[in-house]
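See the structure below:
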């Protein structure tokens with residue numbers, strides 16, 4: 001069945017990477033964009049990013065599609081060290097969508113943009129017949145101004161860099177899964193969905209160009225993001241599994257359902273690869289910000305003939321952390 | 001049923017205008033964007049526009065969703081006198097979409113961008129389950145550089161301006177309708193879908209700032225675009241019905257189906273309001289370009305206490321051309 005689209009093509013893992021490389025790359029002179037946002041070649045130093053949000057359900061503990069659509073695009077700009085400035089919003093509404101649902105999404109989107117001082121400057125609205133959509137799909141495209149001469153990039157990790165994460169991983173994925181499947185959890189897990197402009201500003205102001213890579217581990221989670229960094233920078237990454245912050249409830253749900261928290265989506269976390277000299281200051285900067293209180297150093301970039309992510313466990317044993325392959329959790333963003 | 005979304009909300013007419021004003025305006029400090037592309041306030045002179053394309057069927061005589069998605073966004077930038085430079089592409093794929101359909105759309109999109117020297121700089125791909133989408137939805141967001149200090153705007157029509165159209169109207173709407181309903185037409189009608197960067201460049205180079213307004217009459221056709229110009233500029237517009245170029249086959253299909261060609265969508269035509277001193281040169285510039293050979297002067301901007309579009313017919317009688325109200329043709333773009 002390789003001639004039709006499957007859910008795996010949208011899951012953020014290996015199938016998706018192949019779809020991008022084999023088919024969608026035709027749009028880009030043969031290479032797909034590797035980073036969260038593209039930097040406009042020449043001319044003004046603009047960063048541009050686009051994302052469509054097809055999350056189901058439209059609201060979940062900690063957020064809704066509007067907040068997610070704004071935060072997701074703001075975060076992609078921040079991952080290139082850009083100051084988010086403008087956003088466009090494309091709506092695809094399904095006939096029969098309650099106006100109240102639309103209103104909620106729009107007001108959350110607007111509130112999240114306001115928080116980051118981002119102006120919505122253009123929009124588009126389309127309506128499809130009942131059964132030809134799923135309530136509400138939101139596309140947001142963001143434009144930001146790049147400050148640094150060498151903005152952080154997925155291609156810029158170098159051996160010796162420390163790998164930091166800004167807090168507990170997997171919250172968004174588990175929160176959406178629980179809301180969708182109506183899982184009977186003892187304590188509610190909320191999505192971490194949040195705009196990271198302030199956290200990134202704090203990090204960059206503390207250690208500047210020592211920040212080599214910034215990524216937000218969304219679809220495919222930490223596993224996908226680290227594998228992409230390893231491939232794009234042609235390095236290896238050593239990950240200390242016990243250092244990775246995962247909430248016990250998130251770990252519990254993942255164990256029951258056979259999911260790996262390292263593959264679960266996040267919408268308010270970042271991964272940073274930072275030069276060793278700046279790592280301690282970077283950690284402190286993250287921890288001093290409300291959205292980075294649980295930040296941790298979780299690994300190190302190493303020389304490697306093949307780009308891969310190795311995990312060391314508490315028992316001193318090791319394994320390779322692969323790019324997630326098939327469908328993990330569909331429509332998580 | 002005012003509390004749910006209906007197909008009329010997407011049809012480009014009065015219901016849609018109300019949805020934008022009453023609900024979606026919350027995104028924009030209380031006022032919806034009036035033009036085809038927004039000009040970024042302050043800083044570099046950028047024009048930005050976004051559009052989602054949900055056309056059905058995905059291919060039709062004269063084009064496909066990929067060509068349409070590229071041309072539509074290029075044209076929206078051109079309507080602000082901007083040079084289109086960059087595009088982002090957001091794809092929402094339905095599980096089961098044939099890979100061949102995706103390939104065709106991507107290669108058309110790319111070819112159309114190449115024609116206008118536009119680079120695709122960022123993208124996003126999402127997959128939804130079978131029955132939660134309709135094959136392929138494409139969002140394109142465009143960024144262009146604004147040249148003129150006073151770019152053409154829907155708000156800039158002044159009494160005395162001549163109203164020009166660049167060729168036959170209604171081709172796209174009728175072509176898509178015929179393809180969708182499998183109408184037995186004697187001669188095939190092809191969509192006019194085309195990027196208008198060259199035509200606009202020829203026009204601006206001929207008459208420069210005499211071009212006060214540029215609009216592409218897409219959803220809702222000439223009727224919708226002229227009513228928007230009248231409202232945005234607080235003027236009246238006199239339209240000479242017999243001067244409006246409409247192909248006999250298009251007129252024929254519209255008569256049979258009870259549709260008004262003036263309300264039918266176009267994807268490769270422009271409307272210009274031009275100062276009287278420049279009108280003849282503007283017409284000549286349009287007619288000298290392959291995409292404007294059938295251009296015509298079709299009316300005049302007039303002083304009016306209420307912004308409205310008056311049509312004079314061949315018999316010397318008059319009527320008001322209203323904003324199309326309900327659902328015209330769903331999913332025409």
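Residue numbers (the numbering used here), protein chains in the order written: chain A, 1 to 333; chain B, 1 to 333.
Glycine residues also receive a C-beta, built at the ideal position from the N, C-alpha and C atoms.
As the structure is a computational prediction, the values presented were derived from the model and not from experiment.
### Task
Evaluate contact between the region 60-68 of chain A and the region 23-30 of chain A, counting only Cβ atoms and requiring at least three cross-stretch pairs below 8 Å.
no
### Task
Specify the secondary structure class of residue 7 (chain B) as computed by DSSP and reduced to three states.
helix
### Message
Which residue marks the beginning of the beta strand (DSSP E) containing residue 308 (chain A), and which one marks its end?
### Response
Residue 308 (chain A) -> no beta strand (DSSP E), and no H or E assigned at all.
### Task
Could you list which residues in chain A have their beta carbon closer than 7 Å to that of residue 110 (chain B), in chain order?
26 and 27
### Message
Starting from residue 162 (chain A), trace the beta strand (DSSP E) in both directions and tell me its first and last residue.
### Response
162-165
### Query
Secondary structure at residue 333 (chain A), three-state DSSP: helix, strand or coil?
coil
### Query
If we cut at 8 Å on Cβ distances, does residue 38 (chain A) have a partner in chain B?
yes
#### Entry: Simplified DSSP assignment, three categories, for residue 2 (chain A)
coil
### Query
How about residue 76 (chain B) and residue 216 (chain B): are their beta carbons less than 8 Å apart?
yes
### Query
If you measure from the beta carbon of residue 115 (chain A) to each beta carbon in chain B, is any gap under 8 Å?
no
### Message
For residue 174 (chain B) and residue 267 (chain B), what's the separation of their Cα atoms in angstroms?
### Response
12 Å
### Query
Is the Cβ of residue 96 (chain B) closer than 8 Å to any Cβ of chain A?
yes
### Query
At a CB-CB cut-off below 7 Å, which residues of chain A make contact with residue 122 (chain B)?
33, 37, 38, 48, 49 and 50
#### Entry: Cross-chain neighbours of residue 23 (chain B) in chain A, by beta carbon under 8 Å
99, 102, 103 and 106
### Message
So, does the region 163-172 of chain A touch the region 219-235 of chain A, judging by three or more C-beta pairs under 8 Å?
### Response
yes
### Task
Return the chain-ordered ranges of every alpha helix (DSSP H) run that is complete within the region 261-293 of chain A and spans a minimum of 4 residues.
276-287
### Message
For residue 90 (chain B), count the other beta carbons within 10 Å of its own beta carbon; 16 or more makes it buried, fewer makes it exposed. Which is it?
### Response
buried
### Message
In the DSSP output, what is residue 76 (chain A) paired with across the bridge?
### Response
Beta-bridge pairing links residue 76 (chain A) to no other residue.
### Message
Give me the DSSP bridge partner(s) of residue 139 (chain B).
### Response
B:52 and B:90
### Task
Ignore the nearest five residues each way along the sequence and tell me which others in residue 295 (chain B)'s own chain have a CB closer than 7 Å to its CB.
164, 165, 166, 167, 283, 286 and 287
### Query
Run through DSSP, which three-state label would residue 16 (chain A) get?
helix
#### Entry: Beta-carbon separation (whole angstroms), residue 106 (chain B) vs residue 4 (chain A), contact threshold 8 Å
With 8 Å as the limit, residue 106 (chain B) and residue 4 (chain A) do not qualify as a contact, their Cβ atoms being about 15 Å apart.
### Query
Going straight from the alpha carbon of residue 229 (chain A) to that of residue 78 (chain A), what length do you get?
17 Å
### Task
Note down, one range per segment and in chain order, each alpha helix (DSSP H) of at least 4 residues found wholly within the region 189-249 of chain A.
197-207 and 221-233
### Task
Please report how far the alpha carbon of residue 311 (chain A) lies from the alpha carbon of residue 246 (chain A), in whole angstroms.
15 Å
### Task
Tell me, please, whether the CB atom of residue 89 (chain A) is closer than 8 Å to any CB atom in chain B?
yes
### Query
Using a C-beta cutoff of 8 Å, does residue 344 (chain B) count as contacting chain A?
Within the shown structure, residues of chain B are numbered from 1 to 333, placing residue 344 (chain B) beyond reach of any answer.
### Task
Give the single residue among B:56, B:317, B:250 and B:82 whose Cα lies nearest to the Cα of residue 334 (chain B).
For chain B, the structure presents residues 1 to 333; residue 334 (chain B) sits outside this window and is missing.
#### Entry: Cross-strand partners of residue 319 (chain A) (DSSP beta bridge)
A:311
### Task
Could you name the residues of the region 66-92 of chain B whose beta carbon sits closer than 9 Å to any beta carbon of chain A, in the order they occur along the chain?
76, 85, 86, 87, 88, 89, 90, 91 and 92
### Cα-Cα separation between residue 48 (chain A) and residue 313 (chain B), rounded to whole angstroms
49 Å
#### Entry: Distance between residue 239 (chain A) and residue 160 (chain A) (C-alpha atoms, nearest Å)
13 Å
### Task
Whole angstroms is fine: what's the gap from residue 338 (chain A)'s alpha carbon to residue 205 (chain A)'s?
Missing from the structure shown is residue 338 (chain A); chain A here goes from 1 to 333 and no further.
### Query
Does the beta carbon of residue 332 (chain B) come closer than 8 Å to any beta carbon on chain A?
no
### Message
Could you tell me the alpha carbon to alpha carbon distance between residue 149 (chain A) and residue 68 (chain A), rounded to whole angstroms?
### Response
29 Å
### Task
Measure from the alpha carbon of residue 122 (chain B) to the alpha carbon of each residue in A:188, A:142, A:50 and A:114, then state which is nearest.
A:50
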